[in-house]
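**Student:** Each residue of the sequence shown is one higher than the one before, counting from 0 in numbering that gives the first Met the number 0.
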Amino acid sequence: MKTPLRSHQWFYGTNETGLLHRGALRSSGIDMDLYHGQPIIGIANTWAELNNCNISLREVAAQVKQGIYEAGGIPLEFPVITLGEELMKPSAMLYRNLLSMDVEENLRAYPLDGVVLLGNCDKTVPGLLMGAISANLPSIQLNAGPKKVGIHKGKRLGSGTDLWKYWDELRAGTIDQEEWENIGRSLSCGAGSCNTMGTAATMNGLLEGLGMMPLGLSTLPVDSPERSRLSKEAGKRIVEMVREDLKPSDILTLNAFKNATALLMALGGSTNAMIHLTALAGRLNISLYPDIFNKTAEAVPCIVNVQPVGTHLIDEFDEAGGIPAVLKNLEHLIDPSVQTYTGKTLGELTLTSKSLDQKIIKPLSDAISYLPPIAILTGNLAPDGAVIKVASASPELLHHSGRAVVFNSYEDMLGRIDEPDLSVDATSVLVLRNAGPKGVPGMPEWGMIPIPKKLQLKGVKDMVRISDARMSGTSFGTVILHVAPEAALGSPLALVQDGDTISIDIATRQIKLEVSDQELQTRQQQWKPAGRIHKRGYPALYIREVLQANEGCDFDFLKPKNEEELIFISPTVGRS
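1. Please tell me whether, using a cut-off of 7 Å, the distance from the CB of Ser336 to the nearest non-hydrogen atom of the ligand PLP is below it.
2. Alpha carbon to alpha carbon, how far is Ser575 from Thr13?
3. Out of Thr349, Gly118 and Lys343, which has the shortest C-alpha to C-alpha gap to His331?
4. Could you tell me which of Lys294, Val459 and Gly130 sits nearest to Lys257, measuring between CA atoms?
5. Since Gly321 and Leu266 should fall inside the 8 Å C-beta cutoff, what is the C-beta to C-beta distance between them, to a whole number of angstroms?
6. With a threshold of 16 other CB atoms inside 10 Å of the CB of Arg184, please say whether the residue is buried or exposed.
7. List the DSSP bridge partners of Asp112.
8. Among Ser269, Leu283 and Ser364, which one has its Cα closest to the Cα of Arg469?
9. Answer yes or no: do Ala385 and Leu376 have a C-beta to C-beta separation smaller than 8 Å?
10. To the nearest angstrom, how far is it from the Cα of Thr160 to the Cα of Pro110?
11. Looking only at its own chain, which residues have a Cβ that is under 6 Å from the Cβ of Tyr576, when we skip the five neighbours before and after it?
12. Is Ser354 buried or exposed, if buried means 16 or more other CB atoms sit within 10 Å of its CB?
13. Since Ala134 and Glu103 should fall inside the 8 Å C-beta cutoff, what is the C-beta to C-beta distance between them, to a whole number of angstroms?
14. Which first and last residues belong to the beta strand (DSSP E) in which Arg170 is found?
15. Got a sec? Which residues, its chain only, sit under 6 Å from Met0 by beta carbon, not counting five neighbours each side?
16. Hey, how far is the Cα of Leu413 from the Cα of Leu431?
17. Which of the three DSSP states, helix, strand or coil, is assigned to Pro89?
18. Short check: CB of Glu513 to CB of Ile503, under 8 Å?
19. Terminal residues of the continuous alpha helix (DSSP H) containing Thr260?
20. Measure the alpha-carbon distance for Leu380 versus Pro125 and round it to whole angstroms.
21. So, does the stretch 90-97 touch the stretch 534-552, judging by three or more C-beta pairs under 8 Å?
22. Would you kindly report the start and end of the unbroken alpha helix (DSSP H) that includes Val238?
23. To the nearest angstrom, report how far apart Thr571 and Lys560 are at their CA atoms.
24. When you compare each of Met240, Gly197, Glu58 and Ser90 to Glu76 by their alpha carbons, which one comes out closest?
25. In chain order, what residues of the same chain have a beta carbon less than 6 Å from the beta carbon of Gly157, not counting five sequence neighbours either side?
26. Does Lys154 come out as helix, strand or coil in the three-state DSSP assignment?
27. Nearest to Lys327 by CA position, among Thr351, Thr341, Val337 and Leu116, is which residue?
28. Hey, which unbroken runs of the beta strand (DSSP E) at 3 residues or more fall wholly within the stretch 431-510?
29. List the whole-angstrom C-beta distance separating Ile373 from Gly309, where the pair is believed to meet the contact cut-off of C-beta under 8 Å.
30. Can you tell me which of the three DSSP states Phe406 falls into?
31. When the Cα atoms are used, what is the spatial distance from Gly28 to Glu563?
32. Which two residues bound the contiguous alpha helix (DSSP H) that contains Phe567?
33. Thinking C-beta only, is Ala483 closer than 8 Å to Gln547?
34. Where Ser364 and Gln357 are concerned, what is the direct C-alpha to C-alpha distance, given to the nearest angstrom?
35. Using the Cβ count rule (16 or more neighbours within 10 Å means buried), how would you classify Asp497?
36. Out of curiosity, what's the CA-to-CA distance linking Thr339 and Pro528?
See the structure below:
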């Protein structure tokens, strides 16, 4: 063993503390008479009845525990806050950083030598790993898998993506309320995360590419026997990692993050991943935004034919070879020599992988789209950048100028979007502001502004939409998101007025408000910030500390500024 186990400070205390600490575990049902210095492995579990995506993680935890026992370790499961994308308001994103703190402080305060992280739903995935990176103890992350596919009138339903489409049909009157409710019953098809390439599928897949999750695990069905086997093997492996002192900082190098960025583009993955990857890399003082994202997007096309970019669902993607097959197709565009949690390189793990269905996982020569799958735009409307998922946008709108129709809040948008006298046409640019990290707070997924009903009835399917919010990974359309700085800070987005011309040009990565600098300066002098309703508590802390989207929406005090701040400080172990 390279270093003494940190748990020995608790259980071999020089005073009465060692006896006390061993007694604490004995009281929890662990036979400490058999203790001889084995590694203590934490299992951080986001299971909760509040989070249907994560409801099967209890079974995963049982398999992990068995593996830890068989490898000679002692497993200790503990709960951390669960971030249920569907029920948590205003957004699970508000609490991602809190989850990371929950994980980091549990790992700091307790006698743990390594950890297995259990998540599934969107924000649980990056939140868990952000905390583990900061603690820098040996770590493996596991997920619970995608939900089964619901069927409506013979059509396989994609989570989120088909929901938004049928919602538009209900608003247009082409389906009635009874059919809408039946669609809801079909979409509620059991435990698991979205079965499209939403944020959950994207982030879990990227963890495979980062070398922190078993290869092939993320897309397996919830009840797959192979999932059980891989989870048990992860329990065994974490004990070995502790003995090897193999930590996240050894695995999550710059090249590992470059690989994950390439994988994101190839998947046609969620724009949310741009924020999460930025935050994850930021915990290690690694910068991705904008240069690495832009450079990678120029080189890596989308090759995965899964909703919302494509037509298939995650179960079909898994059967076609899943993440390992995509990585194999990318082998000349990524660094296969990076280390993974297994001790093997990524290239070694994907050596025999291949696409089993080239209609779903395509070769680079037959990509879904050769445009940059995701692009970062800059200009006077977004000085620090804005993001568009080009792969799911309408080609005819990628170079566009139109008259702004401004909504000052989500409530304002909901109240006016379907008004018959809304001054809007198909060329208009819909703008939603005050929906960013500080503005709500939490930066909810409000960016895919609905097509106004008066235009929808005329057959308009897509428009340019701009906001400082995010959108679901299951969403689609010509939607420009994550405008930084956000409007709540008095940025140029806060100064847009109805009727202003906004121009976008994806080819040159430009977004421009066609208003003179002098006029913008005048508007800036007249701008006043909105009053803050949160005077205390976590939301007030969030507003005070959260960084902008281009910095990953992490907390300023959690993001290291130098090498010294990367060091994880363990507690003094003595009387409590």
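Cβ atoms here follow ideal geometry from the backbone N, Cα and C, with glycine treated the same way.
**Tutor:** Concretely, from the data shown:
1. The ligand PLP is not part of the structure shown, which contains no ligands of any sort.
2. By 1-based counting over the sequence shown, the position of residue 575 is 576. By 1-based counting over the sequence shown, the position of residue 13 is 14. Those two C-alpha atoms are separated by around 15 Å.
3. Taking the sequence shown and counting its residues from 1, the one referred to as residue 331 is at position 332. With distances taken between Cα atoms, His331 lies closest to Thr349.
4. The residue labelled residue 257 in the question sits at position 258 within the sequence shown. Answer by Cα proximity: Lys294.
5. Taking the first residue of the sequence shown as 1, we reach residue 321 at position 322. Taking the first residue of the sequence shown as 1, we reach residue 266 at position 267. No, Gly321 and Leu266 are not in contact; Cβ-Cβ is about 11 Å, not under 8 Å.
6. On the sequence shown, residue 184 is found 185 positions in, with the first residue counted as 1. The residue in question, Arg184, is exposed, as its Cβ has fewer than 16 Cβ neighbours within 10 Å.
7. For the purposes of this step, residue 112 is identified with residue 113 of the sequence shown, where counting begins at 1. Beta-bridge pairing links Asp112 to no other residue.
8. By 1-based counting over the sequence shown, the position of residue 469 is 470. The residue with the shortest Cα to Cα distance from Arg469 is Ser269.
9. As a working note, residue 385 is residue 386 in the sequence shown. As a working note, residue 376 is residue 377 in the sequence shown. Yes, they are a contact pair.
10. Counting from one through the sequence shown, the residue named residue 160 turns up at place 161. Counting from one through the sequence shown, the residue named residue 110 turns up at place 111. Cα to Cα, the separation comes out at about 44 Å.
11. Look at the range of the chain in this structure, 0 to 575, and you will see that residue 576 is not part of it.
12. Here residue 354 corresponds to residue number 355 of the sequence shown, with the count starting at 1. Buried.
13. Here the question's residue 134 lines up with position 135 in the sequence shown. Here the question's residue 103 lines up with position 104 in the sequence shown. Their Cβ separation, rounded to whole angstroms, is 5 Å, which keeps Ala134 and Glu103 in contact under 8 Å.
14. Position 171 of the sequence shown, counted from the start, is the residue given in the question as residue 170. Not the beta strand (DSSP E): Arg170 falls in the alpha helix (DSSP H), residues Thr160 to Ala171.
15. Taking the first residue of the sequence shown as 1, we reach residue 0 at position 1. Because Met0 sits at a pLDDT of 42, beneath the cut-off of 50, its placement in the model cannot be relied upon, and the following sentence gives the value as read from the coordinates. Within the same chain, Met0 has close Cβ partners Arg242.
16. Here residue 413 is taken as the residue at index 414 of the sequence shown, counted from 1. Here residue 431 is taken as the residue at index 432 of the sequence shown, counted from 1. Cα to Cα, Leu413 sits roughly 11 Å from Leu431.
17. For the purposes of this step, residue 89 is taken as residue 90 along the sequence shown, with counting starting at 1. Three-state result, Pro89: coil.
18. As a first step, residue 513 must be located in the sequence shown, where it is residue number 514. As a first step, residue 503 must be located in the sequence shown, where it is residue number 504. The answer is no: Cβ separation not under 8 Å.
19. Numbered from its first residue, the sequence shown carries residue 260 at position 261. Taken as a continuous stretch (DSSP letters only), the alpha helix (DSSP H) holding Thr260 covers Leu253 to Leu266.
20. Residue mapping note: residue 380 aligns to position 381 of the sequence shown, counting from 1. Residue mapping note: residue 125 aligns to position 126 of the sequence shown, counting from 1. If you take the alpha carbons of Leu380 and Pro125, they lie about 29 Å apart.
21. yes
22. The sequence position of residue 238 within the sequence shown is 239, counting from 1. That run of the alpha helix (DSSP H) goes Pro224 to Glu243.
23. Position 572 of the sequence shown, counted from the start, is the residue given in the question as residue 571. Position 561 of the sequence shown, counted from the start, is the residue given in the question as residue 560. If you take the alpha carbons of Thr571 and Lys560, they lie about 25 Å apart.
24. Locating residue 76 in the sequence shown gives position 77, counting from the first residue. Nearest C-alpha to Glu76: Glu58.
25. Along the sequence shown, read from residue 1 onward, the residue named residue 157 stands at position 158. Correct list, in chain order: Thr195, Gln306 and Leu312.
26. Counting from 1 along the sequence shown, the entry for residue 154 is found at position 155. Looking at Lys154 - three-state DSSP - the assignment turns out to be strand.
27. To locate residue 327, count along the sequence shown from 1; it is residue 328. Comparing Cα positions, the closest option is Thr351.
28. 463-466, 478-480 and 500-504
29. Residue 373 sits at position 374 when you count from the first residue of the sequence shown. Residue 309 sits at position 310 when you count from the first residue of the sequence shown. Between Gly309 and Ile373 the Cβ distance is about 15 Å, and since that is not below 8 Å, they are no contact.
30. Position 407 of the sequence shown, counting from 1, holds the residue named residue 406. Here Phe406 sits in strand by DSSP.
31. Counting from 1 along the sequence shown, the entry for residue 28 is found at position 29. Counting from 1 along the sequence shown, the entry for residue 563 is found at position 564. Using only the alpha carbons, I get a separation of about 40 Å.
32. Here residue 567 refers to the residue found at position 568 when the sequence shown is read from its first residue. No alpha helix (DSSP H) holds Phe567; DSSP gives it neither H nor E.
33. Within the sequence shown, residue 547 is the residue found at index 548, counting from 1. Within the sequence shown, residue 483 is the residue found at index 484, counting from 1. It is a contact, given that the beta carbons lie within the stated cut-off.
34. For the purposes of this step, residue 364 is taken as the residue at position 365 of the sequence shown. For the purposes of this step, residue 357 is taken as the residue at position 358 of the sequence shown. Taking the straight line from one Cα to the other gives about 11 Å.
35. Walking along the sequence shown from the start, residue 497 turns up at place 498. That one is exposed.
36. For the purposes of this step, residue 339 is identified with residue 340 of the sequence shown, where counting begins at 1. For the purposes of this step, residue 528 is identified with residue 529 of the sequence shown, where counting begins at 1. In a straight line, the C-alpha of Thr339 is about 47 Å away from that of Pro528.
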